[in-house]
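Below is one structure; the comments refer to it alone.
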Amino acid sequence: MMGRDRQVAGGIRRRMVVAAAMMMTAAAAVGVLPLSAGNAAAQEARKGGTLSIILQPEPVTLTPSTNMAQPTQVVAGNIFDGLVAYDFDLKPKPALAERWEVAPDGLTITFHLRSGVKWHDGKPFSAADVKWSLENIWKTIHPRNKSLFENVTQVDTPDDSTVILRLSKPSLPILSVLNGVGAPILPKHLYEGTDILNNPYNNKPVGTGPFVFKEWKRGEYVELARNPDYWEAGKPYLDRLLFRIIPDAAARAAAIEKGEIQYAPYNPVPFRDAERLSKLPRLKVDTRGYEWLSPLLYLDFNVENQYLKDVRVRRAIAHAIDRAALAKIVWFGYAKPAISPVPSSLVTFHNTKLPQYPFDVKKAEALLDEAGFKRDANGVRFTLTHDFLPYGDDYRRTGEFLKQALKRVGIEVTIRSQDSAAFIKRVYVDRDFDFAISYNNAFPDPQIGVVRAFWSGWLGTGTPWTNGSGYRNARADALIQEAGVEGDPAKRIAEFNEFQDIVLGDVPSLPLLELNFFSVYSADLQGIVEQGDQVYSSLKNARFVDAPKAN
Amino acid sequence: MARTDTASLPPTRTDFRDRAVGRLLRRPSALVGLILLAGILAMAAFADVAFPGDPLDMAGSPLLRPGDAAEFPLGTDMMGRDLASGIFHGARVSLLIGGVAALVSLVIGIGIGALSGYYGGRVDRALMRVTELFQTIPPFLFTLALVAILQPSIATITTAIGITSWSGLARLVRAEVLRLRNSELAQASIILGASDARIIFLHILPNALAPVIVSASILVATAILTESSLSFLGLGDPNVVSWGGMVGAGRETIRTDPHVAAIPGVAIVIAVLALNLLGDGLNDVLNGKGERR
């Protein structure tokens, strides 16, 4: 498989979906305006119909308990409801939990569940399912949640609709991962006492969500049908979801253009094609719905490198890179310059008052001179080798862009390409690199996706997508640990602000771009992007409108 | 060709060479091949004069079409790199890889083929099993695997192509050597006590050269194509510009800006065509079919 036929895995476990790469791109501002209220009212929503969706690549399983790959979660979000969903500002909003309370000390979290909810097999959903899932999945085998839930010492279920989490230390980021794929609730009656990883229901999932699993024809499609007993009256609108597996990017573009596919999430086509498709009146290209992921492209400097150990060199490189041009040229505008390791979509935590590195070649040269690395007769100060995340041509071109940018300030760059296994080993295990680009999903709380790139506790563990630079700062470590168990939201914000200030000053890892994934969908559709975790959530609000078809 | 002067004398090697070149030049297809190849060589030689500066520089605005801007006659790619400059500088890389890979392959192929054919017996059986091993693995996949393991750079790509493309040549040389080993010339040399090396290098290989020269031109063409395919799949050397790499970089925009992939694609077609035409011509001439019409 090559090039564009790849997709991004959602989440930390990107390595599972090497393929993913191409799909991540995203669009800063490509103009998808939400339908205005008046417009929406004028167009009568139509019930029923089949929505055909691109699923790429084919998932390995349909249950998001251990597999964090993007295609699994795209399907599963329709089958499994979570305790909450997230709005565009990443604030939780009720789903299976109608309301919740966090005790002032942060040591107790109480969820009040919706009553009358049924599993797709007709059995009632209850607090016992949540307790079982927390104890057997979130705390144990879910790759992203283990550390967030490890302080949960006890789960009480005083009645069928109340779940009380008792913690030894506060863990506020829990509230940021409680959607259907972040903390999947599986039916206890089908899983208890079985081998969870090999349970046959992993591939014919039973959830509580708006769509019921019908059939998975390998290599062709996954079919879901409307859940007539869904707890939200009248929803979902659509009768059927057909997730079609189309491995070839050109075929995907054609299917979207012909209207065979009406919804295609996760960068289904190359950027340039997206630009073309966005001009068709029948289609929309939308970058919303990925806020919950908040992917960040960054440059890890190996702080043990003889040149890069000098902070002036790292700052000079930061000044030498025109991030706006990088976003525009390499990422076709589907990205915006990042000014902090905490992406701006994490509104609560994103700090705008930080050391900045505006594009300034003169300053970069001055810093390099000051560090004692003068240009030689050929105008070269020193040579570095660059490794790019081998997730597709966008990353390779980013490397090529950096090479040219640094050449201007006298740093000669040799680009080295390798497969993703070799990349991970080189950067995170052997630490045999100079500087490398990679990306992380930040998720709504810096604790989940951001601090892992800076915490020295990860050093020596060889864990991919953790502290690649080899950075050690006692104060930053302390802040990370304090914020991890801080029960007061305001204090956490202050801690993360200071953390951002320190790591951006030391700049062991330079935030480059906030990437924007994009979805392409038919203009006949309404309600397709309604929340910040939309792509991992359900299409219960999606409906066709009786609009005359243009072009 | 004036043959009257030499008709009475036995033909010397120089005569043969002159006649071969003459015959080659009289074949239109070979002539076209030669001219095209000369053109490509000239592009490679004068790249720095015609397009000074780094061909990887983002020199203009991205995705200009040919003719959009006078300073970029062939347009620019999605990074704003000058395609014309890329074509000229890429000629160097493509020819270098083609030439060196063919050389590697020639050395291995001739070496194994000659040893195998000359010594026969156990040596032959052992070497031919090795050759068969290489023949049974699809060469492109083999190259792909080698490059992926060794990590792509000009050196590894060239070596990998050389290592995976000698097996046919080895068999060809072996057959020739087998034939010549039993010729009177070789037998006489053996009786006269000449060393094996002397016999192989002075008597056998020069006479087996014709098919080798022909395959060499095809090997160069194949190597250029293989490098292009590798680059297309993202396994090229990102630090240099090659035609295949340019095609690979352009494939994403093939629906909207086909010229980015098409222009280097045409360059590859021309180079491969030139080498093949030349190979065909050489084949006809060296195998004595030149006089047939």
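Which chain is which? The protein sequence lines are A and B, in order. The first sequence maps to residues 12 to 562 in the numbering used here. The second sequence maps to residues 34 to 326 in the numbering used here. All C-beta atoms in this analysis are idealised placements derived from N, C-alpha and C, irrespective of residue type, glycine included. Just so you know, these numbers come straight off a predicted model, no measurement behind them.
Which chain B residues sit within Cβ distance under 8 Å of residue 407 of chain A?
If you number the first sequence from 1, residue 407 of chain A lands on position 396. Residues of chain B passing the Cβ test: 267, 271.
Beta carbon of residue 205 of chain B nearer than 8 Å to that of residue 244 of chain B
As a working note, residue 205 of chain B is residue 172 in the second sequence. As a working note, residue 244 of chain B is residue 211 in the second sequence. In this structure, residue 244 of chain B lies closer than 8 Å to residue 205 of chain B by Cβ.
What residues in the region 420-444 of chain A have a beta carbon less than 9 Å from any beta carbon of chain B?
424, 425, 426, 427, 428, 429, 430, 433
Which chain B residues sit within Cβ distance under 8 Å of residue 410 of chain A?
Along the first sequence, read from residue 1 onward, the residue named residue 410 of chain A stands at position 399. Within 8 Å Cβ-Cβ: 271.
With 16 other Cβ atoms within 10 Å as the buried cut-off, status of residue 284 of chain B:
Position 251 of the second sequence, counted from the first residue, corresponds to residue 284 of chain B. Flag for residue 284 of chain B reads buried.
Is the beta carbon of residue 310 of chain A less than 8 Å from the beta carbon of residue 520 of chain A?
By 1-based counting over the first sequence, the position of residue 310 of chain A is 299. By 1-based counting over the first sequence, the position of residue 520 of chain A is 509. Contact: yes.
May I have the straight-line CA-CA distance separating residue 233 of chain A from residue 286 of chain B, to the nearest angstrom?
As a first step, residue 233 of chain A must be located in the first sequence, where it is residue number 222. As a first step, residue 286 of chain B must be located in the second sequence, where it is residue number 253. Looking at the two C-alpha atoms, the distance is approximately 30 Å.
To be precise: take each residue of the region 266-299 of chain A, compare its Cβ to all Cβ atoms of chain B, and keep it if any distance is under 7 Å. Which residues remain?
Considering only beta carbons, the part of the region 266-299 of chain A lying closer than 7 Å to chain B consists of 281, 283, 284, 287, in chain order.
Candidates A:491, A:533, A:426, A:399: which alpha carbon is nearest residue 467 of chain A's?
In the first sequence, counting from the first residue as 1, residue 467 of chain A sits at position 456. When only C-alpha atoms are compared, the closest one is A:491.
Answer with yes or no whether the minimum CB distance from residue 35 of chain A to chain B is below 8 Å.
The residue you call residue 35 of chain A lines up with position 24 of the first sequence. Confidence is the limiting factor: at residue 35 of chain A the pLDDT is only 35, short of 50, which leaves the residue's position unreliable, though a coordinate-based value still follows. No, because no Cβ of chain B sits closer than 8 Å to the Cβ of residue 35 of chain A.
Rounded to whole angstroms, what's the CA-CA distance from residue 68 of chain A to residue 209 of chain B? Just pull it up for me.
Translated into the one-based positions of the first sequence, residue 68 of chain A becomes position 57. Translated into the one-based positions of the second sequence, residue 209 of chain B becomes position 176. Straight-line Cα distance between these residues: approximately 52 Å.
Positions along the region 180-200 of chain B whose CB lies within less than 7 Å of some CB in chain A
Residues of the region 180-200 of chain B with a C-beta less than 7 Å from any C-beta of chain A: 181, 184, 185, listed in chain order.
Short of 6 Å in beta carbon distance, which residues of its chain neighbour residue 223 of chain A, apart from the five on each side in sequence? Order them along the chain.
Counting from one through the first sequence, the residue named residue 223 of chain A turns up at place 212. Cβ within range, chain order: 131, 236, 238.
Find out if the Cβ-Cβ distance for the pair residue 452 of chain A, residue 351 of chain A is shorter than 8 Å.
On the first sequence, position 441 is the one that residue 452 of chain A refers to. On the first sequence, position 340 is the one that residue 351 of chain A refers to. No, they are not a contact pair.
Report the rounded CA-to-CA distance for residue 558 of chain A versus residue 256 of chain A, giving the unit in angstroms.
In the first sequence, residue 558 of chain A corresponds to position 547, counting from 1. In the first sequence, residue 256 of chain A corresponds to position 245, counting from 1. Confidence at residue 558 of chain A is low in this model, with a pLDDT of 49, below 50, so its placement is unreliable and no value can be given for it.
Excluding sequence positions up to five away, which residues of its chain have a Cβ less than 6 Å from the Cβ of residue 160 of chain A?
Along the first sequence, one-based indexing puts residue 160 of chain A at 149. Cβ within range, chain order: 149, 150.
Three-way DSSP call (helix, strand, coil) for residue 268 of chain A in this model:
Counted from its first residue, the first sequence places residue 268 of chain A at position 257. Residue state, collapsed to three classes: helix.
Spatial neighbours of residue 318 of chain B within its chain, please: C-beta separation below 8 Å, excluding the five flanking residues on both sides.
Here residue 318 of chain B corresponds to residue number 285 of the second sequence, with the count starting at 1. Answer for residue 318 of chain B: 53, 56, 57, 60, 63, listed in chain order.
Would you report the Cα separation of residue 261 of chain B and residue 271 of chain B, rounded to the nearest angstrom?
Walking along the second sequence from the start, residue 261 of chain B turns up at place 228. Walking along the second sequence from the start, residue 271 of chain B turns up at place 238. Roughly 13 Å between the two C-alpha positions.
Who are the Cβ neighbours of residue 53 of chain A in its own chain at under 6 Å, not counting the five residues just before and after it?
Residue 53 of chain A sits at position 42 when you count from the first residue of the first sequence. Bear in mind that the predicted position of residue 53 of chain A carries a pLDDT of just 41, short of 50, making it too unreliable to give a figure here.
Same chain, Cβ closer than 6 Å to residue 355 of chain A, five either side skipped, listed in chain order
As a working mapping, residue 355 of chain A is identified with position 344 in the first sequence. Closer than 6 Å at Cβ, skipping near neighbours: 361.
When the Cα atoms are used, what is the spatial distance from residue 400 of chain A to residue 227 of chain B?
Start at 1 with the first residue of the first sequence, and residue 400 of chain A comes out as number 389. Start at 1 with the first residue of the second sequence, and residue 227 of chain B comes out as number 194. For residue 400 of chain A and residue 227 of chain B, the distance between alpha carbons rounds to 59 Å.
Output yes if chain A places a C-beta closer than 8 Å to the C-beta of residue 279 of chain B; else output no.
Residue numbering aside, residue 279 of chain B sits at position 246 when the second sequence is read from its first letter. Taking Cβ atoms only, chain A never reaches closer than 8 Å to residue 279 of chain B, which makes this a no.
Can you tell which of A:71, A:416, A:84 has its C-alpha closest to the C-alpha of residue 550 of chain A?
Your numbering for residue 550 of chain A matches position 539 in the first sequence. Of A:71, A:416, A:84, the residue nearest in Cα terms is A:84.
Are any of the Cβ atoms in chain B nearer than 8 Å to that of residue 67 of chain A?
As a position in the first sequence, residue 67 of chain A is number 56, starting the count at 1. Output row for residue 67 of chain A: interface = no.
Excluding the 5 residues preceding and the 5 following residue 110 of chain A in the sequence, name in chain order all residues of the same chain whose CB lies nearer than 7 Å to its CB.
If you number the first sequence from 1, residue 110 of chain A lands on position 99. Excluding residues within five positions, the ones whose Cβ falls inside 7 Å are 123.
When you compare the CB of residue 90 of chain B with every CB in chain A, is at least one pair closer than 8 Å?
Your numbering for residue 90 of chain B matches position 57 in the second sequence. Under the Cβ distance rule, residue 90 of chain B counts among the residues neighbouring chain A, one pair being separated by less than 8 Å.
Alpha carbon of residue 73 of chain A to alpha carbon of residue 134 of chain A, nearest angstrom:
Position 62 of the first sequence holds residue 73 of chain A. Position 123 of the first sequence holds residue 134 of chain A. Their backbone Cα atoms lie some 20 Å apart in a straight line.
Could you tell me which residues DSSP puts in a beta bridge with residue 398 of chain A?
To locate residue 398 of chain A, count along the first sequence from 1; it is residue 387. Residue 398 of chain A is bridged to A:427, A:447.
Provide the residue(s) that pair with residue 452 of chain A in DSSP beta bridges, ordered along the chain.
On the first sequence, position 441 is the one that residue 452 of chain A refers to. Beta-bridge pairing links residue 452 of chain A to A:306.
If residue 323 of chain A sits next to residue 378 of chain A, beta carbons under 8 Å apart, how far is it from one beta carbon to the other, in whole angstroms?
Indexing the first sequence from 1 puts residue 323 of chain A at position 312. Indexing the first sequence from 1 puts residue 378 of chain A at position 367. Right, their Cβ atoms sit about 5 Å apart.
Assuming residue 117 of chain B is part of the alpha helix (DSSP H), what are its boundary residues?
Position 84 of the second sequence, counted from the first residue, corresponds to residue 117 of chain B. Unbroken alpha helix (DSSP H) run through residue 117 of chain B: 116-152.
Nearest to residue 353 of chain A (by Cα), restricted to the options A:188, A:93, A:455, A:338:
Translated into positions along the first sequence, residue 353 of chain A becomes position 342. Comparing Cα positions, the closest option is A:455.
DSSP state of residue 152 of chain A, grouped into three classes?
The residue you call residue 152 of chain A lines up with position 141 of the first sequence. The answer is coil: DSSP assigns residue 152 of chain A none of H, G, I, E or B.
If I measure Cβ to Cβ from residue 131 of chain B and keep anything under 6 Å in the same chain, skipping five residues before and after, which residues do I get?
Counting from one through the second sequence, the residue named residue 131 of chain B turns up at place 98. Around residue 131 of chain B: 253, 256, 257.
Let me know the alpha helix (DSSP H) ranges lying completely inside the region 180-234 of chain A, each 4 residues or longer, listed in chain order.
199-202
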